[in-house]
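Working notes for the structure below.
Numbering (our numbering), first residue to last: 152 to 265.
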């Protein structure tokens, strides 16, 4: 369920736990959730497909160029799913920080895998 957490940098600031969801989580529409899940699946597939190729490059310059290409492809896939990069990153962060929203995402990912 926390497979997407590896894509986020570690949080350096610890906040006090609360019973409330982060602002606006309960207002995220099913459409936005579906868009996020589709974008997430496409981005993770892209990364998996290019991972071996990236590890096989010989110079830092080649590595940086390939990383830029992968990032540009990822942004294109996010845009094609109907989200901005900012929306995608916000939803990814919420999926990692808010248990209820994370569960909603996990259910959608499971349904998409079947």
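Ideal placement from N, C-alpha and C gives every residue a C-beta, glycine not left out.
{"Check": "Does the Cβ of residue 186 have 16 or more other Cβ atoms within 10 Å, making it buried, or fewer, making it exposed?", "Outcome": "buried"}
{"Check": "Pairing CB atoms from the stretch 193-200 with CB atoms from the stretch 213-229, are three or more of them under 8 Å?", "Outcome": "yes"}
{"Check": "Report all residues from its chain with a CB closer than 6 Å to the CB of residue 205; omit the five preceding and five following residues, and keep chain order.", "Outcome": "217"}
{"Check": "Got a sec? Which residues, its chain only, sit under 7 Å from residue 246 by beta carbon, not counting five neighbours each side?", "Outcome": "155, 252, 253, 256"}
{"Check": "Residue 262 to residue 181, Cα distance in whole Å?", "Outcome": "14 Å"}
{"Check": "Taking C-beta to C-beta, are residue 188 and residue 259 nearer than 9 Å?", "Outcome": "yes"}
{"Check": "Between residue 173 and the rest of its own chain, which residues show a CB-CB distance below 7 Å, the 5 nearest in sequence each way excluded?", "Outcome": "Here residue 173 scores only 48 on pLDDT, less than 50, and its place in the model should not be relied on; the value that follows carries that caveat. 245, 248, 249."}
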